[in-house]
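Asker: Following this message is one structure expressed as structure tokens.
Protein chains in written order, with this note's numbering: chain A, 109 to 259; chain B, 109 to 259.
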């Protein structure tokens, strides 16, 4: 049996999640892609940075917007290892991300298919296309291993 | 007739909103207060900063967390001139802000009493006390004047 290969951007997001774990942060990674090339990336860093907003998605979006010199990332994709929370889903709206790919769902903290369902309200100024599941087991395993060690 | 005085933190948030307008940004300002003293402040800056996450609340929370050296702002208040959006409401949750004061409601983009109602889901890891209305007319007038000039 051969396993369906995980797309390159999600492989990079998973590597960034591992970097976060190695630094003692919850292992979540994200990249922003435009025309097939990574234009911004990030990983969780709130503890070391003393910054409650330092989620992987926020870091990747800020890096991409800075690199492209535009507060809007029209036509860009965001690849992230976990379903975004309300804060990050809101940032995805503001950045006008065209397509969101996330690996694992997050019934506890996610706000795309759970909880606040940020994109599903008439007030949402923008709705990305959303795809999930690619790399789900790998992303979930990273999180499980991280929290197991800390218990 | 004497008008009920606007509390000092909201007066500062309104002044920051005016600064944003003067810089060509949507006029919204915010301050974080601990034990009666401002420990972080911010105003809207997404256009100039090329940063879709550069909302007043995010800037104020990041500044306060950096100043206090802690990703959590337990016991702190956030004062902001407009009802927070989903991104900022999510950041308020992550920062564990104890009390949220906002001046004007935002039926179009707000996510506290409108839309995603971020604090109202069982998944919300934290719920601040919420108060609104102090300085409402002043905050709304700043926004109206800003958008009137741009039409």
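Where is the CB? At the ideal position from N, CA and C, for every residue including glycine.
Using the Cα positions of residue 345 (chain A) and residue 177 (chain A), report the straight-line distance between them to the nearest angstrom.
Answerer: No answer is possible for residue 345 (chain A): the residues shown for chain A start at 109 and end at 259.
Asker: Taking the straight line between their C-alpha atoms, what separation do you get for residue 249 (chain A) and residue 128 (chain A)?
Answerer: As a working note, residue 249 (chain A) is residue 141 in the first chain. As a working note, residue 128 (chain A) is residue 20 in the first chain. The straight-line gap from Cα to Cα measures roughly 14 Å.
Asker: Is it the case that the region 157-170 of chain A contacts the region 138-145 of chain B, given that we only count it when at least three CB pairs across the two stretches are under 8 Å?
Answerer: Result no; under three Cβ-Cβ pairs closer than 8 Å.
Asker: Between the region 228-244 of chain B and chain A, which residues of the former have a C-beta closer than 9 Å to a C-beta of the latter?
Answerer: From the region 228-244 of chain B, only 228, 229, 230, 231, 232 and 233 have a Cβ closer than 9 Å to chain A.
Asker: Can a CB atom of chain A be found closer than 9 Å to the CB of residue 218 (chain B)?
Answerer: Stepping through the second chain from its first residue, residue 218 (chain B) is reached at position 110. With 9 Å as the cut-off, residue 218 (chain B) counts as an interface residue toward chain A.
Asker: If we call anything under 9 Å between Cβ atoms a contact, is residue 212 (chain B) one with residue 247 (chain B)?
Answerer: As a first step, residue 212 (chain B) is located in the second chain; it is residue number 104 there, counting from the start. As a first step, residue 247 (chain B) is located in the second chain; it is residue number 139 there, counting from the start. A contact, by the Cβ cut-off of 9 Å.
Asker: For a quick check, are the C-beta atoms of residue 269 (chain B) and residue 203 (chain A) less than 9 Å apart?
Answerer: Residue 269 (chain B) lies beyond the range of chain B shown here (109 to 259); nothing can be said about it.
Asker: Since residue 51 (chain A) is in the alpha helix (DSSP H), which residue starts that stretch and which ends it?
Answerer: Outside the displayed span of chain A (109 to 259) sits residue 51 (chain A), for which this structure offers no information.
Asker: If we count the other Cβ atoms within 10 Å of its Cβ and call it buried at 16 or more, is residue 214 (chain A) buried or exposed?
Answerer: If you number the first chain from 1, residue 214 (chain A) lands on position 106. Label assigned to residue 214 (chain A): buried.
Asker: With DSSP as the reference, label residue 208 (chain B) as helix, strand or coil.
Answerer: In the second chain, the residue the question calls residue 208 (chain B) occupies position 100. Correct three-state label for residue 208 (chain B): strand.
Asker: Please tell me whether residue 221 (chain B) has its Cβ less than 9 Å away from any Cβ of chain A.
Answerer: On the second chain, residue 221 (chain B) is found 113 positions in, with the first residue counted as 1. False, the Cβ-Cβ gap to chain A never drops below 9 Å.
Asker: With a threshold of 9 Å between beta carbons, is residue 201 (chain B) in contact with chain A?
Answerer: Here residue 201 (chain B) is taken as the residue at index 93 of the second chain, counted from 1. Residue 201 (chain B) counts as touching chain A.
Asker: Identify the residues that DSSP records as bridge partners of residue 187 (chain B): which are they?
Answerer: Looking up residue 187 (chain B) in the second chain gives position 79. Per DSSP, B:139 and B:209.
Asker: Span of the alpha helix (DSSP H) holding residue 114 (chain A)?
Answerer: Here residue 114 (chain A) refers to the residue found at position 6 when the first chain is read from its first residue. Where residue 114 (chain A) is concerned, there is no enclosing alpha helix (DSSP H), given that its DSSP letter is neither H nor E.
Asker: Examine chain B for any beta-carbon lying closer than 9 Å to the beta-carbon of residue 183 (chain A), and answer yes or no.
Answerer: Within the first chain, the letter at position 75 stands for residue 183 (chain A). So, not an interface residue.
Asker: How is residue 238 (chain B) classed by DSSP in three states: helix, strand or coil?
Answerer: For the purposes of this step, residue 238 (chain B) is identified with residue 130 of the second chain, where counting begins at 1. In the structure shown, residue 238 (chain B) sits in a strand (DSSP, three-state: E or B).
Asker: Consider the Cβ of residue 124 (chain B): report whether some Cβ of chain A lies at a distance smaller than 9 Å.
Answerer: Within the second chain, numbered from 1, the residue matching residue 124 (chain B) stands at position 16. No, residue 124 (chain B) does not count as interfacial toward chain A.
Asker: Give me whichever residues DSSP pairs with residue 149 (chain B) in a beta bridge.
Answerer: Here residue 149 (chain B) is taken as the residue at index 41 of the second chain, counted from 1. BP columns for residue 149 (chain B) point to B:139.
Asker: For the region 164-196 of chain B, which residues have a CB atom closer than 8 Å to at least one CB atom of chain A, in sequence order?
Answerer: Of all residues in the region 164-196 of chain B, 166, 169, 170, 173, 174, 176, 177, 178, 179, 180, 181, 193, 194, 195 and 196 have a Cβ within less than 8 Å of some Cβ in chain A.
Asker: How many whole angstroms separate the CB atoms of residue 192 (chain A) and residue 200 (chain A), which I take to be in contact at a CB cut-off of 8 Å?
Answerer: Numbered from its first residue, the first chain carries residue 192 (chain A) at position 84. Numbered from its first residue, the first chain carries residue 200 (chain A) at position 92. Contact holds; Cβ gap of about 6 Å.
Asker: Since residue 264 (chain B) meets chain A, which of its residues come closer than 9 Å, beta carbon to beta carbon?
Answerer: There is simply no residue 264 (chain B) to check, as chain B begins at 109 and stops at 259 in what is shown.
Asker: Taking residue 217 (chain A) as part of the alpha helix (DSSP H), name the residues at either end of that continuous run.
Answerer: As a position in the first chain, residue 217 (chain A) is number 109, starting the count at 1. No alpha helix (DSSP H) contains residue 217 (chain A), which DSSP labels as neither H nor E.
Asker: Is residue 151 (chain B) close to chain A, meaning its C-beta is less than 9 Å from at least one C-beta of that chain?
Answerer: Counting from 1 along the second chain, the entry for residue 151 (chain B) is found at position 43. Not one chain A Cβ lies under 9 Å of residue 151 (chain B).
Asker: When the Cα of residue 173 (chain A) is compared with those of A:156, A:149, A:157 and A:153, which residue comes out closest?
Answerer: Residue mapping note: residue 173 (chain A) aligns to position 65 of the first chain, counting from 1. Out of A:156, A:149, A:157 and A:153, A:149 has the C-alpha closest to the C-alpha of residue 173 (chain A).
Asker: What residues in its chain sit with their C-beta under 8 Å from that of residue 133 (chain A), if we drop five residues either side in the sequence?
Answerer: Position 25 of the first chain, counted from the start, is the residue given in the question as residue 133 (chain A). Contacts found: 151, 152, 153, 154, 155 and 156.
Asker: In the DSSP assignment, find the unbroken alpha helix (DSSP H) run with residue 154 (chain A) in it and report its ends.
Answerer: Position 46 of the first chain, counted from the first residue, corresponds to residue 154 (chain A). Note, residue 154 (chain A): alpha helix (DSSP H), 154-157.
Asker: Could you tell me whether any Cβ in chain A is nearer than 9 Å to the Cβ of residue 215 (chain B)?
Answerer: To locate residue 215 (chain B), count along the second chain from 1; it is residue 107. Interface residue, yes.
Asker: Taking only the alpha-carbon atoms, compute the straight-line gap between residue 120 (chain B) and residue 241 (chain B) and give it to the nearest angstrom.
Answerer: Taking the first residue of the second chain as position 1, residue 120 (chain B) is located at position 12. Taking the first residue of the second chain as position 1, residue 241 (chain B) is located at position 133. In a straight line, the C-alpha of residue 120 (chain B) is about 15 Å away from that of residue 241 (chain B).
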